[in-house]
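The sequence shown begins at 15 in this note's numbering and counts up by one.
The C-beta atom is built at its ideal place from N, Cα and C for all residues, glycine as well.
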Amino acid sequence: MRTVTFAITLVTLLASAAHAAPVAEWTFNEYDGDARRIPAASGGGEIVMTESWGEASLSSPKGSKLNAPGEVDAGSALGLSGQARNGDFLDIRIPPVGSTPMTLSAAVRRSGTGFTSVVISVSSDEGKTFKKIKTWKPGTSWAIQEATLPATGSAGTRLVRITVDGASSARGGIRIDNLVVVDSVPSTPTMPGT
């Protein structure tokens, strides 16, 4: 009986260690293609885009089920476009939930002339300075992209900047869907003696 109880407890611990709790999720299914401030669909947080993202460079094209939380339909995605927007960015404000590492992931695809580089940077001083932590190189098919957001020294609001570059035409764009932030990097537990 003790062996069975130990085995059940071990399986439960291993399963919970492999799944981190979401802090914020954006599915963009309610996004209208105009707003430059987008609250999280669940959890806390907000995406804030600069004024340079105008009507011609924002849209809500067809999305993906890839990286979707739960049973969310494909719905819409956040569409960003335009060679003139090379070097522009959007900021993600993540509410205080602790100072542990977090994982940011999203389903991403670009058009043939769309943004070839998506730089993920973080700020620990409310946006005064940013440190580059990852560069996504999206392809022309949907794929999940991830970045580990480093631990902070405090449990304050985290600011993540997404900067796009490499579009080669006015219509060249990128779609971002099912953007999810989880509160810690899932770890793979090791068994004793291994």
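Quiz item: Do you know offhand how far M63's Cα is from V174's?
Solution: 12 Å
Exercise. Give the straight-line distance between the Cα atoms of G180 and P110, rounded to the nearest whole angstrom.
Key: 33 Å
Self-check item: Identity of the residue in S56, D87, A91, L80 nearest S73 by Cα
Solution: A91
Quiz item: Is the Cβ-Cβ distance between G187 and G101 less than 8 Å?
Solution: no
Quiz item: How many Å lie between A157 and G96 at the Cα?
Solution: 21 Å
Self-check item: DSSP beta-bridge partners of P36
Solution: V196
Practice problem: With a 10 Å radius around its C-beta and 16 neighbouring C-beta atoms as the bar for buried, classify R51 as buried or exposed. | Solution: exposed
Practice problem: Name the one or two DSSP bridge partners that A121 has. | Solution: In the DSSP output, where bridge partners are listed per residue, A121 has I158, D191.
Practice problem: Please report the Cβ distance between P36 and V194, rounded to the nearest whole angstrom; I am assuming they are in contact, meaning their Cβ atoms lie under 8 Å. | Solution: 6 Å
Practice problem: Would you tell me roughly how many angstroms separate the C-alpha atoms of I108 and E160, rounded to the nearest one? | Solution: 16 Å
Quiz item: Could you give the residue range of the beta strand (DSSP E) that holds P53?
Solution: 51-53
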